[in-house]
Amino acid sequence: MLNLQPLRARLGPPFQPFTIRTSDGRSFDVPHSDFIAIGRGVVSVIDQEDVSHTLDALHIVSINEAAPQENPNGS
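Letter by letter, the sequence shown follows residues 62 to 136 of my numbering.
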């Protein structure tokens, strides 16, 4: 099981968006701390379509910084 403490630490200020990857190859973007809840052995992530995904901590294989998003206004 992944130690969830580093994931909890990412929620504190300053928050930086990140991506969670699972053992089956799925990835879940966390653009803001309001989109994630962390339990003892599970993590719940809300996606852009407002769908909740519950992940078993055992299947979380990496947590990476999210790629910077391009500004559509070009600034």
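No residue lacks a Cβ here, since even glycine has one placed at the ideal position from N, Cα and C.
DSSP, read as helix, strand or coil, puts residue 120 in helix. The continuous beta strand (DSSP E) containing residue 98 extends over residues 97–99. At the C-beta level, residue 121 and residue 79 stay beyond 8 Å of one another. By the beta-carbon neighbour count (other beta carbons within 10 angstroms, threshold 16), residue 89 is buried. Look at residue 84 here: in three-state DSSP terms it is coil, with no helix or strand label.
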